[in-house]
Structures are given as structure tokens and as C-alpha cells.
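Numbering (the numbering used here), first residue to last: 860 to 1204.
C-beta atoms are modelled at their ideal positions from N, C-alpha and C, and glycine is treated no differently.
Here the structure is a predicted model, which is why all the values come from computation and not from measurement.
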Ligand SMILES: NC(=O)c1ccc[n+]([C@@H]2O[C@H](COP(=O)([O-])OP(=O)(O)OC[C@H]3O[C@@H](n4cnc5c(N)ncnc54)[C@H](OP(=O)(O)O)[C@@H]3O)[C@@H](O)[C@H]2O)c1
């Protein structure tokens, strides 16, 4: 049956301006890192995307290597764009990235002009798109001059293959340099994509969050649920089929009794606020407008519905924030595998 998007979808979501740009992004965005490869039925992917779009989630985040196998998430999303989402391209913001290993040999990863431009072309072919809205350098390449990587991003925009560019996981100092180079090239940096959650605060310690605010660059916080730890799902053990049970990116060893004790405390605060823990984790990332959008993942449509519900209560009392800090900063933990910036901040 032809998919007809919910007519009131934009009323269900909050949209935030991305830095100093003209682009508005939904407060909750959907990433296709997990659950969009060959290991997930196509109908599940369709249901997740439809549910997200119906809730006003207009931003879908991809990368060349999302799968498994690498590239298959872009292929699956391309199929959804051609079928379910046919005619809706101008209603969505689609991003992709290059930098992690995508093909064998010396040109299939990192930040050379050779890698970025070839990879962008491949991503467009897989998704069947003329352009992506945002194209990222997925990680800093310490062995390639920043001028080369930023020059490639700027040329991708000039060639009409992306509307905007972004950086992912660059620390504060390298972000300043990259943003200055892009400004000189006349292609401003739209957005930065770092990991950030109540359990992973490197962007605060490194100064990146303040730097982005100062530079007028938007921000999209990935893994705001710490890959599922900041939900109620692991409170009674590791459920079958959950990410921690799959031995992929979430190491079950991070679900220690000490870590879960903190999560239980956070769960109590969320319940007192009338939210699920996932909703509070998303609202916390967005608190005070410091972050443009929270970038979640989902293995089921119901999770997207739960997460999008975060926008119903985004404000925190000082007492709630202090209690969250006490539970998560004493001592600090970075229990997310993807917690560090490209330069180990
Ligand atoms: N730039 C980078 O280097 C980078 C790195 C990593 C991720 N990302 C981006 O960030 C996106 C999100 O990352 P992520 O998937 O780690 O984010 P996340 O939102 O922290 O974790 C998503 C996982 O949490 C669980 N979950 C989500 N909603 C839930 C709910 N309401 N109740 C219970 N469990 C829930 C699901 O786990 P189960 O699967 O166990 O159900 C889901 O797969 C990626 O898709 C990608 O676009 C970027």
C-alpha cells in the first residue's frame, strides 16, 4: 500500500536551527548505523523509517560503511527512498560520511581528497541520489593536511554533490582549525557530530561544546542513549537480540553492576519526571539548547516513538541536573566505546 505520511507530523516534533545556518533540524534525528544491514528484514527498516517520518523526524544519518556489509545501509535507504519515500526528497535531510575503512587498499579510508570524493560518489550511487544534504569527514586523519580534507569537502559542495559539510569526532582544537579553513574556502562548516550522553561527557571536558557555540556551528550528538545503556532495557540483564548480546559495538563488560547502579538512579529520576529513561537521556543532551539534535538509533519502530516523545518535556530543574551530575560524574565514566574524539580527547 502506498505510504501517506502523517499530515500533522511537523506539529509532533520540535525543530532547532543548526548553528548560524538557515537549516532547521528535528530535535531527534535517526541514524542507520545498526539495523539497516543485511542482518535486518527490509520490512523492519521500512517500519522504522516510516514511524520516524510520521513523528516529524526529517533527518536520516548514514555513512559509507554502515551495514553489514559496508554500504548496505545506504542501499537499503536508497530502496526506501525510491519506494516508500518516493516524492518526499525535499522534505528530508540526508547525510553521509567518509573516513572509516570502506574498501581495501590505500584509498579506502581516512581523509585524502582521493578517498572523500570517490566515497561520496559511491554513496550517491548506492542511495540513488544526486546530492546529500550534509557530507562529513567521519574522523580526523592525522597524516593528511587539514587543508586537503577540507578542500575536498568544499569541492564536493561546489560540484553540487552536497549542500553542506560537517565534521565528526574532531576535538575542539582541530575543529577550530578546520572551521577556519572551510570559512576561507567559502563553504562554512554546518555541523559537528560528536558522541555525547550523560555517561560520555568528553565534549564538555575537551571544550568542544563551547567551541561550537562560539563558532556558530550546529551539533548533532550521536549515541545519546549510550547504545541502549541509557534505557531501561539492561536493568534486569542482557535481553536476547539486544545490541549488547550481539558482540558488535556494545561490549557487555561495560554493563557492570557499578554502571547499572548509576543507570538505575537515572531511571528513578526519569520516572519522577514522568518520562522513560530514553526520553530523559535525549532531553538531557538537548538541555539549554547547547546541542541542535540528538541522533538516535533504533531496532524497532516502538523505540523511535518512545524517543521522539522526549520533546514533550525538555526542561530540567536545577535539582534534577545536580542529581544527574552526582550519579554520572562521581567519578566520571566514559562507558561508550565511541566516546573519544579522533585525537583521543
Ligand atoms: N560519527 C560517528 O563516528 C558515529 C558513531 C556511532 C554512531 N553514529 C551515528 O549515531 C547514530 C545513533 O547511534 P546509536 O545507535 O549508538 O545510538 P543510541 O540511540 O545511543 O543507541 C541506539 C540503541 O539503543 C536502543 N534503543 C533505542 N531507543 C530505545 C528505547 N526507546 N528503548 C529501549 N532501547 C532503545 C536500541 O538498542 P537495541 O538494538 O539493543 O534494541 C538501539 O539500537 C548511528 O545510527 C549513526 O548514525 C555516528
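Through-space distance from residue 973 to residue 884, alpha-carbon basis: 30 angstroms
For residue 1226, the nearest candidate out of 965, 997, 949, 941 (CA to CA): The displayed coordinates of the chain run from 860 to 1204. Any statement about residue 1226 would go beyond what the structure contains.
8 angstroms Cβ cutoff met for residue 1122 and residue 1088: yes
Beta bridge counterpart(s) of residue 1025 as assigned by DSSP: 995, 1050
Burial state of residue 1176 (16 or more Cβ within 10 Å): exposed
Nearest neighbour of residue 1125, chosen from 1116, 1117, 1136 [CA to CA]: 1136
Enclosing alpha helix (DSSP H) for residue 948 [first to last residue]: Premise fails: residue 948 is in no alpha helix (DSSP H) and is neither H nor E.
Classification of residue 1060 by the beta-carbon crowding that lies within 10 angstroms, buried from 16 upward: buried
Straight-line gap, residue 1030 to residue 994 (C-alpha atoms, nearest Å): 18 angstroms
Close-in-space but distant-in-sequence residues of the same chain around residue 930 (CB under 6 angstroms, 5 per side omitted): 985
Length of the line joining the Cα atoms of residue 1012 and residue 1095: 45 angstroms
Nonlocal neighbours in the same chain, by C-beta distance under 7 angstroms from residue 909, ignoring five residues either side: 862, 943
For residue 885: DSSP bridge partner residues: 874
CB of residue 1010 within 8 angstroms of CB of residue 1058, strictly: no
Cβ-heavy atom distance, residue 981 to ligand 1, below 7 angstroms: no
Length of the line joining the Cα atoms of residue 1025 and residue 1076: 9 angstroms
Residues near residue 1101 in its chain [Cβ-Cβ closer than 7 angstroms; skip 5 each side]: 1087, 1092
Straight-line gap, residue 1046 to residue 1023 (C-alpha atoms, nearest Å): 8 angstroms
Residue 1147, DSSP secondary structure in three states: helix
Coarse secondary structure for residue 1140, derived from DSSP in three states: helix
Contact under 8 angstroms by Cβ, residue 928 with residue 896: yes
Heavy atom of ligand 1 within 7 angstroms of residue 929 beta-carbon: no
Cβ shell of residue 1042 (< 8 angstroms), same chain only, five flanking positions each side left out: 1048
Contact the segment 913–922 vs the segment 1104–1123: 3+ CB pairs below 8 angstroms: no
Rounded separation between residue 999 and residue 1149 - CA only: 23 angstroms
Residues that DSSP places opposite residue 918 in a beta bridge: 952
Rounded separation between residue 1007 and residue 1107 - CA only: 33 angstroms
beta-carbon residue 1078 near ligand 1 non-hydrogen atom, thresh 7 angstroms: no
Bridge partners - residue 1154, DSSP secondary structure assignment: 888, 1081
Whole-angstrom distance between residue 901 and residue 935, CA atom to CA atom: 8 angstroms
Any non-hydrogen atom of ligand 1 within 7 angstroms of residue 896 CB: no
Nonlocal neighbours in the same chain, by C-beta distance under 6 angstroms from residue 947, ignoring five residues either side: none
Run of the alpha helix (DSSP H) containing residue 1057, from where it starts to where it stops: No alpha helix (DSSP H) contains residue 1057, which DSSP labels as neither H nor E.
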